[in-house]
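Numbering (this note's numbering), first residue to last: 10 to 737.
Idealized CB from N, CA, C, for every residue including glycine.
Everything numeric in this text was worked out from a predicted model, so none of it was measured.
The block underneath contains the structure these notes are about, expressed in structure tokens.
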């Protein structure tokens, strides 16, 4: 019982640390799996055992390791089932000839280089009990593997699934995955029998079993799919049957002489690919596997990773050589094959970096090699470092080679808003005035989008409103992170946004509104990036109450306010639909200037609109004056607009209370992030929200980024014809 309690304590520590490390690496735009692998290494002799050897020995004694091994093997069986389940044949439908050539060359070149490297490493880091053939096969397989799940996640997060590069990379990775697992199966058979000739019976038995699964097994699994289509639910009875089949298939491949994981992978690949069945089966299976079992596998691997074994400069040089061969073999093989196939230089280079992703798949291969005794703990540690480095470098090198500003140019089917951008730009001297509107929930944010339309649209200047919907993926290997599922979520969100756009008034405004829908792992950061790429004039965001704070200007809204490199406005909607009476409290700072400028834009666009500029002063104090920029703008306004502006000066000891009182008589109050209005930056980058809570009207809070940015210059010269304004 003492051992069981200790194992449970270990599991608690492993899950907690893996989540924390995973989140830390996600914050620097790295896959969650990198953090989980690092967490496992931290718990092993490389860190924990180094700084607190006695505590580490007490917490992870030898008698608990077999329990962790059993849990990790169960996790691997079902993880490989998920990989096979999500290996959709549609990934093999795009550019198949190019993909087959590219993927096989990307395996052949690193495999060959790995075999040559084995000639050097074998006498240095192996022993006579291991045949050179088995050692070379394992090293070649480790060099040539690509982690399909991690690559698919990177493609999804970078919104590459609709590009030529994304579809080609997915096809290459799918072909690569199948080929690499076959190579690994042969390597395992050779390692267990000692030579290639002895492995032939095992290989023949494996081929017979593969044929059985793809015929009889697929027919049997089809019965499950038929039952599911009839009942429209995956019952516990059916789920139990599938899990029994997974475990049985894993046992059969283990008895054949390859490994447990191949049977699970094969059964997942043979499952009928009905979209609803695959989705429900993956969702029911993956949470426990990914959250509970896989971190145990990472910890088990980390306990066997001993970076301290690299205790001499020559060993570090060998490690660097292993890393160089792995990177160069995969990149050069992919790049050359892609170029020969007619792929342009940039896409071929990006494909090379994507195929270098190894991640968890590499760790599975390495653990099998270590269990069989084919590779030593020293080689295992070198290859774990290689897996971490090659996966870590993929995202930054992909961004460097294939920046996000170029992704939308390479969409297989260009989206509507991109074509509109080009057409609209040619209509006038100025580029379109653009407002980016992050929309978290399309069913509740009509008022936000209607305000964006009111600010943006008139006949003097081309304008575009982009509702921005970012679908955030929380988990690393979750089914929703697969490109096919991501496309489904995007299509679903697009329908919701189209319903929202069709509800806007007047109907003519709807043609100026073009949604942007993306997958994201960091909403605030992605919003700022898209605002830069799209050259937005303004980000208009609705407030939300953060989960861990009552501050309406905290959470993601606060992050956007603090980090977005464009002007930002936060809208707190009180439900009023009219925009006839505006109030701008003015205290002479650049954020109040932006508030007044946006109010003037509304005044120009809506001829029935009136504006009150409220200046609150203390007794015996001179009132704040308008900035030079605003004086210049006021002079350019036609009389028909100036007549609808009232500048009111009031004396009050509490400026916020004066604004609150004035807000009772208006439809919208627009206030800058000013201390005077109780909206100011605090030490940790958050904003206070006293006015946001007490204001009687709808409230728009403005934060100016750059005084050079103008929201009015392009319309002032022609605004003298108010009859042409778009009435909203």
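Chain-order list of residues whose beta-carbon lies under 6 Å from that of residue 387 (same chain, five-residue window excluded): By one-based count along the chain shown, residue 387 stands at place 378. If we look at residue 387 and ignore the five residues flanking it on each side, its Cβ neighbours are 134, 318.
Can you name the start and end residues of the alpha helix (DSSP H) that residue 339 belongs to? Along the chain shown, read from residue 1 onward, the residue named residue 339 stands at position 330. Residues 322 to 349.
So, is residue 224 buried or exposed, given that buried needs 16 or more other C-beta atoms within 10 angstroms? Taking the first residue of the chain shown as 1, we reach residue 224 at position 215. By the 10 Å Cβ count, residue 224 comes out exposed.
The beta strand (DSSP E) that contains residue 298, what's its start and end? If you number the chain shown from 1, residue 298 lands on position 289. Unbroken run through residue 298: none, as it is neither H nor E.
Same chain, Cβ closer than 8 Å to residue 598, five either side skipped, listed in chain order: In the chain shown, the residue the question calls residue 598 occupies position 589. Excluding residues within five positions, the ones whose Cβ falls inside 8 Å are 681, 683.
Whether residue 443 touches residue 535 by CB criterion (8 Å): Taking the chain shown and counting its residues from 1, one reaches residue 443 at position 434. Taking the chain shown and counting its residues from 1, one reaches residue 535 at position 526. For residue 443 and residue 535, no; Cβs fall outside 8 Å.
So, helix, strand or coil for residue 675, using DSSP? For the purposes of this step, residue 675 is identified with residue 666 of the chain shown, where counting begins at 1. Three-state DSSP puts residue 675 in coil, outside helix and strand.
Whole-angstrom distance between residue 498 and residue 141, CA atom to CA atom: The residue labelled residue 141 in the question sits at position 132 within the chain shown. The residue labelled residue 498 in the question sits at position 489 within the chain shown. Between the alpha carbons of residue 141 and residue 498 lies a distance of about 49 Å.
Where the beta strand (DSSP E) through residue 475 begins and ends: Taking the first residue of the chain shown as position 1, residue 475 is located at position 466. Start and end: 472 to 481.
Let me know the secondary structure DSSP gives residue 680 once reduced to three states. As a position in the chain shown, residue 680 is number 671, starting the count at 1. Looking at residue 680 - three-state DSSP - the assignment turns out to be strand.
If you run the structure through DSSP and keep just helix, strand and coil, what is residue 199? Walking along the chain shown from the start, residue 199 turns up at place 190. Residue state, collapsed to three classes: helix.
If you draw a straight line from the alpha carbon of residue 315 to that of residue 335, how long is it in whole angstroms? As a working mapping, residue 315 is identified with position 306 in the chain shown. As a working mapping, residue 335 is identified with position 326 in the chain shown. Spanning the two alpha carbons is a distance of roughly 20 Å.
Could you check what DSSP says for residue 447 in three-state terms: helix, strand or coil? The sequence position of residue 447 within the chain shown is 438, counting from 1. Residue state for residue 447 is assigned as strand, using DSSP reduced to three classes.
Rank 708, 626, 86 by C-alpha distance to the C-alpha of residue 593 and give the top, closest one. In the chain shown, counting from the first residue as 1, residue 593 sits at position 584. When each option's Cα is compared against that of residue 593, the closest is 708.
Under three-state DSSP, which class holds residue 581? Position 572 of the chain shown, counting from 1, holds the residue named residue 581. It is a strand residue.
Taking only three categories from DSSP, how would you classify residue 410? Along the chain shown, read from residue 1 onward, the residue named residue 410 stands at position 401. Three-state DSSP puts residue 410 in a helix.
Please list, in chain order, all residues of the same chain as residue 38 whose beta carbon is under 6 Å from its beta carbon, the five residues on each side excluded. Translated into the one-based positions of the chain shown, residue 38 becomes position 29. A distance below 6 Å between beta-carbons, with the five flanking residues on each side excluded, links residue 38 to the following residues of its chain, in chain order: 404.
Which class does residue 652 belong to by DSSP, given the choice of helix, strand or coil? Taking the first residue of the chain shown as 1, we reach residue 652 at position 643. Here residue 652 carries a coil assignment [DSSP, helix/strand/coil].
Does DSSP classify residue 156 as helix, strand or coil? Within the chain shown, the letter at position 147 stands for residue 156. Coil, per DSSP.
Out of 127, 462, 178, 277, which has the shortest C-alpha to C-alpha gap to residue 362? Translated into the one-based positions of the chain shown, residue 362 becomes position 353. Ranking the options by Cα distance to residue 362, first place goes to 178.
Using the DSSP secondary-structure output, state which residues sit across from residue 527 in a beta bridge. Position 518 of the chain shown, counted from the start, is the residue given in the question as residue 527. Here residue 527 is bridged, per DSSP, to 479.
What is the DSSP secondary structure of residue 265, counted as helix, strand or coil? The count along the chain shown starts at 1 and reaches residue 265 at position 256. In this structure, residue 265 counts as helix in the three-state DSSP scheme.
Quick one: what's residue 40 bridged to in DSSP? Counted from its first residue, the chain shown places residue 40 at position 31. Residue 40 is not bridged to any residue.
Residue 547, DSSP secondary structure in three states: As a first step, residue 547 must be located in the chain shown, where it is residue number 538. In this structure, residue 547 counts as strand in the three-state DSSP scheme.
Pick from 201, 325, 506, 106 that is closest to residue 455, judged by C-alpha positions: Residue mapping note: residue 455 aligns to position 446 of the chain shown, counting from 1. Of the candidates 201, 325, 506, 106, the one whose C-alpha sits nearest the C-alpha of residue 455 is 506.
What residue range is occupied by the uninterrupted beta strand (DSSP E) comprising residue 355? Along the chain shown, read from residue 1 onward, the residue named residue 355 stands at position 346. Here residue 355 belongs to no beta strand (DSSP E); instead the alpha helix (DSSP H) covers 354 to 364.
State yes or no: is the C-beta of residue 396 within less than 8 Å of the C-beta of residue 367? As a first step, residue 396 is located in the chain shown; it is residue number 387 there, counting from the start. As a first step, residue 367 is located in the chain shown; it is residue number 358 there, counting from the start. Yes. Within cutoff.
Is residue 285 helix, strand or coil by DSSP? One-based indexing of the chain shown puts residue 285 at position 276. Residue 285: helix per DSSP, three-state reduction.
Between residue 477 and the rest of its own chain, which residues show a CB-CB distance below 7 Å, the 5 nearest in sequence each way excluded? As a first step, residue 477 must be located in the chain shown, where it is residue number 468. Beyond the five residues adjoining it in sequence on each side, residue 477 comes within less than 7 Å, by CB distance, of 445, 446, 447, 448, 525, 536, 539 in the same chain, given in chain order.
If we ignore side chains and look at the alpha-carbon of each, how far apart do residue 129 and residue 332 end up? Against the chain shown, residue 129 aligns to sequence position 120. Against the chain shown, residue 332 aligns to sequence position 323. Going by C-alpha positions, residue 129 is about 14 Å away from residue 332.
Looking at C-alpha atoms only, which residue of 410, 379, 383, 372 is the closest neighbour of residue 3? With the chain running from 10 to 737 in the structure shown, residue 3 is simply not present.
Give every residue of the same chain whose Cβ lies closer than 7 Å to the Cβ of residue 309, excluding the five residues on either side of it in the sequence, and list them in chain order. Here residue 309 refers to the residue found at position 300 when the chain shown is read from its first residue. For residue 309, where only same-chain residues beyond five positions count, the Cβ hits under 7 Å are 77, 78, 81.
Indicate the three-state DSSP secondary structure (helix, strand or coil) for residue 714 in the structure shown. In the chain shown, residue 714 corresponds to position 705, counting from 1. Residue 714 falls in the coil class under three-state DSSP.
Report yes if the C-beta distance between residue 189 and residue 155 is below 8 Å; otherwise report no. For the purposes of this step, residue 189 is taken as the residue at position 180 of the chain shown. For the purposes of this step, residue 155 is taken as the residue at position 146 of the chain shown. Their beta carbons are under 8 Å apart, which means residue 189 touches residue 155 by this criterion.
Residue nearest to residue 48 in terms of C-alpha spacing, selected from 348, 34, 85: Here the question's residue 48 lines up with position 39 in the chain shown. Scanning 348, 34, 85 for the CA closest to the CA of residue 48 turns up 34.
Pairs of beta-carbons, one from the region 242 to 252 and one from the region 62 to 73, closer than 8 Å: are there three or more? Look at the beta carbons and you see the region 242 to 252 not touching the region 62 to 73: under three pairs across the two are nearer than 8 Å.
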